[in-house]
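The numbering used here numbers the first residue of the sequence shown as 2 and each following residue consecutively.
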Amino acid sequence: MKILVTGGLGFIGSHTVVELQNEGFDVVVVDNLSNSSINVLDGIEAITKKRPFFEEFDLREKPKVEAFFRKHQDIAGVIHFAASKAVGESVEAPLLYYENNLGVLVYILQELKKKGSSNFIFSSSCTVYGQADKMPITESAPIKPAESPYGNTKQVGEEIIRDTCRVNQGIHAIALRYFNPIGAHPSGKIGELPMGVPQNLVPFITQTGIGLREQLSVFGDDYPTEDGTCIRDYIHVVDLAKAHVRALQRLLEGKNESNYEVFNLGTGKGSSVLEVIQSFERVSGKKLNYKIVDRRPGDVVQAYADTTKANKVLGWKAKSTLDDAMRSAWEWEKIIRKS
Ligand code: UD1
């Protein structure tokens, strides 16, 4: 069965391509390499002994999207990762984010509508909940006003899919709300490749550990949490990738209860920034140089998932611990700095 993975050379995309190929799917990757490297294809091939079919183009070019779907009429499902994801950048360049994250989504849905019957998985984010009132966060928690254009694209993206599914019963869609994906493939062949200075905690930690950055800034230790630092739900990217395959299989087997469903993907366990640092120190045997600085605007105090729905309905559960994920992130950091 042929599956289109947009953004399939990115961090979560590449790990998902591996899991899809491991399950016997034929994968076509579309990626514009704006935040990824062509070498990721070699990494995927080294792990799965199979090279995904690859087309390099920008999905904002609508005629190319149309031509792609004309050429690949046998596509059985689409997993849509291709999007921009830097919160700060989205504040500076909102139109880029709306075009990339929403314009492209519309183009793809228009093609799926033409097909009559189709299956679609969307990369959403726990950012849609903002600061939820109750922990852990269930899928029925209210959607709070977005803190950034990036967050807004995930909220509006979900609405676009929901509204489209309502009037196009042939489109079957699942939105997956990721908590904080970290780590790398245990083979050491693929992992996160942040461009420039990493904005996310774990790549910043591993880059500091390896000496590429001098010091980690911990954004605030006066939050109402046990140690005063923010709490997040860090999920191993391989666990996350496997959930995509489960969600796709659910649609392909017609097991979905409605043609638009939403699932949280996390571990269910919250960890503070200081606990993440301690995890790094445990698995690397190194002391991390860090200092406490002011809070980062827009950060929520805590966010961790209630994963009951994904556990029961998708039959999926995150297996890796924070230390497992951190160990893989650290191994990956050492590998990429050597090469
Ligand atoms: C961030 C985005 C979120 C997005 C996700 C995508 C914000 C407010 N949220 O999630 O919308 O979906 O990235 O990857 O930007 N931290 C430090 N020092 C650092 C970096 C982070 O102390 O140098 C802390 C943060 O304050 C936070 C935690 O580490 O408490 C995790 O931060 P990060 O990895 O950026 O993820 P989120 O903010 O949860």
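Idealized CB from N, CA, C, for every residue including glycine.
What's the gap between the Cα of I51 and the Cα of G192? Here the question's residue 51 lines up with position 50 in the sequence shown. Here the question's residue 192 lines up with position 191 in the sequence shown. One point to set straight first is that residue 51 is Lys, not Ile, in the sequence displayed. Rounded to whole angstroms, K51 to G192 spans 18 angstroms at the Cα level.
Using CA coordinates, which residue listed in A244, L110 and T230 is at the minimum distance from N169? Counting from 1 along the sequence shown, the entry for residue 169 is found at position 168. Here the closest residue by C-alpha is L110.
Cβ of S126 within 7 angstroms of any heavy atom in the ligand UD1? Working through the sequence shown from its first residue, we reach residue 126 at position 125. The answer is yes for S126.
Nearest neighbour of Q74, chosen from D27, K3 and T17 [CA to CA]: Numbered from 1 along the sequence shown, position 73 holds the residue referred to as residue 74. Among D27, K3 and T17, the Cα nearest to that of Q74 is on K3.
Less than 8 angstroms separating the beta-carbons of G271 and Y224? For the purposes of this step, residue 271 is taken as residue 270 along the sequence shown, with counting starting at 1. For the purposes of this step, residue 224 is taken as residue 223 along the sequence shown, with counting starting at 1. No, the Cβ-Cβ distance between G271 and Y224 is not below 8 angstroms.
Cutoff 8 angstroms; reference K335; Cβ partners in own chain excluding five residues on either side: In the sequence shown, residue 335 corresponds to position 334, counting from 1. Here the set comprises I211.
For the candidate residues T230, V239 and Q303, whose alpha-carbon lies nearest to that of V294? By one-based count along the sequence shown, residue 294 stands at place 293. Nearest C-alpha to V294: T230.
Is D43 near the ligand UD1, going by C-beta to nearest heavy atom under 7 angstroms? Mapped onto the sequence shown, residue 43 falls at position 42. Every heavy atom of the ligand UD1 is 7 angstroms or more from the Cβ of D43, so no.
Smallest Cα separation from V30: which of N36, I175, S118 and G14? On the sequence shown, position 29 is the one that residue 30 refers to. Of the candidates N36, I175, S118 and G14, the one whose C-alpha sits nearest the C-alpha of V30 is G14.
Cβ-Cβ separation, Y179 to L241 (assumed contact under 8 angstroms), whole Å: For the purposes of this step, residue 241 is identified with residue 240 of the sequence shown, where counting begins at 1. For the purposes of this step, residue 179 is identified with residue 178 of the sequence shown, where counting begins at 1. The pair is a contact, with the Cβ atoms about 6 angstroms apart (cut-off 8 angstroms).
Sheet register partners of A174 (DSSP bridge): If you number the sequence shown from 1, residue 174 lands on position 173. In the DSSP output, where bridge partners are listed per residue, A174 has F121 and Y261.
Paired residues, beta bridge with S272 - DSSP: Numbered from its first residue, the sequence shown carries residue 272 at position 271. Beta-bridge pairing links S272 to R233.
Using a 10 Å radius around the Cβ and a threshold of 16 neighbouring Cβ atoms, would you call G9 buried or exposed? Counting from one through the sequence shown, the residue named residue 9 turns up at place 8. With 16 or more Cβ atoms within 10 Å of its Cβ, G9 is classed as buried.
Would G131 and V301 qualify as a contact pair, given that the criterion is a beta-carbon distance under 8 angstroms? As a position in the sequence shown, residue 131 is number 130, starting the count at 1. As a position in the sequence shown, residue 301 is number 300, starting the count at 1. Going by C-beta atoms, G131 is nearer than 8 angstroms to V301.
Cα-Cα, which of L103, T308, D228 and H16 is closest to I48? Position 47 of the sequence shown, counted from the first residue, corresponds to residue 48. When each option's Cα is compared against that of I48, the closest is H16.
Which stretch, first to last residue, makes up the beta strand (DSSP E) that contains V105? Indexing the sequence shown from 1 puts residue 105 at position 104. Here V105 belongs to no beta strand (DSSP E); instead the alpha helix (DSSP H) covers V105 to K116.
Under the three-state DSSP convention, the category G89 falls into: The sequence position of residue 89 within the sequence shown is 88, counting from 1. Residue state, collapsed to three classes: helix.
What does a CB cutoff of less than 8 angstroms around G269 pick up in its chain, not counting 5 residues either side in sequence? Taking the sequence shown and counting its residues from 1, one reaches residue 269 at position 268. The answer, listed in chain order, is P137, D234, Y305, A306, D307, T308 and A319.
Give me the Cα-Cα distance between I161 and F123, rounded to the nearest whole angstrom. The count along the sequence shown starts at 1 and reaches residue 161 at position 160. The count along the sequence shown starts at 1 and reaches residue 123 at position 122. Near 11 angstroms, if we compare the C-alpha coordinates of F123 and I161.
Would V6 pass as a contact of V28 if the rule is Cβ separation under 8 angstroms? Numbered from its first residue, the sequence shown carries residue 6 at position 5. Numbered from its first residue, the sequence shown carries residue 28 at position 27. Yes.
Going by other Cβ atoms of all chains shown within 10 Å of its Cβ, with 16 needed for buried, is E227 buried or exposed? Here residue 227 is taken as the residue at index 226 of the sequence shown, counted from 1. Counting Cβ neighbours within 10 Å, E227 comes out exposed, since fewer than 16 surround it.
Beta-carbon proximity list for Q22, same chain, < 8 angstroms, skipping 5 on both sides: Counting from one through the sequence shown, the residue named residue 22 turns up at place 21. These residues qualify, in order along the chain: V28, I45, T49, K51 and P53.
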